[in-house]
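K.L.:
Can you keep this structure in mind? I'll have questions shortly.
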Amino acid sequence: MCDGFGYCAKHAPEYFSLDDWGYASLTGDGSVAAADEHDVMRALLDCPVHAIIEVPEEDDA
Numbered sequence: 182m183c184d185g186f187g188y189c190a191k192h193a194p195e196y197f198s199l200d201d202w203g204y205a206s207l208t209g210d211g212s213v214a215a216a217d218e219h220d221v222m223r224a225l226l227d228c229p230v231h232a233i234i235e236v237p238e239e240d241d242a
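Numbers 182 to 242, taken from the working numbering, label the letters of the sequence shown in order.
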């Protein structure tokens, strides 16, 4: 659960936004463009309470 540190929005503002109290929420559907993977992974790794998880996409096979 988010504690409002804001590191995610700092690293990947295209994917995370902060509310009036500083708590983060996901922007969009959670899909990450290949060009932005580094920034989103940095957001995930820097979250001090591990509130962000990576869910791999399922293959359409």
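Cβ coordinates follow ideal geometry from the N, Cα and C atoms, glycine included.
1. Give the range of the beta strand (DSSP E) segment to which Ala-244 is assigned.
2. Can you tell me whether DSSP reads Ala-190 as helix, strand or coil?
3. With DSSP as the reference, identify every bridge partner of Ala-205, one or two as the case may be.
4. With Tyr-204 and Val-221 assumed to form a contact (beta carbons below 8 angstroms), what rounded beta-carbon distance in angstroms separates them?
5. Please report the distance separating the alpha-carbon of Glu-235 from that of Ser-198.
P.N.:
Straight from the coordinates:
1. Nothing about residue 244 can be reported from this structure: the residues present for the chain run from 182 to 242 only.
2. One-based indexing of the sequence shown puts residue 190 at position 9. In this structure, Ala-190 counts as helix in the three-state DSSP scheme.
3. The count along the sequence shown starts at 1 and reaches residue 205 at position 24. According to DSSP, which records beta bridges pairwise, Ala-205 is partnered with Leu-199.
4. Here residue 204 refers to the residue found at position 23 when the sequence shown is read from its first residue. Here residue 221 refers to the residue found at position 40 when the sequence shown is read from its first residue. In fact, because the Cβ distance is near 18 angstroms, the residues do not count as touching under 8 angstroms.
5. Sequence index remark: in the sequence shown, residue 235 carries index 54 (1-based). Sequence index remark: in the sequence shown, residue 198 carries index 17 (1-based). Near 17 angstroms, if we compare the C-alpha coordinates of Ser-198 and Glu-235.
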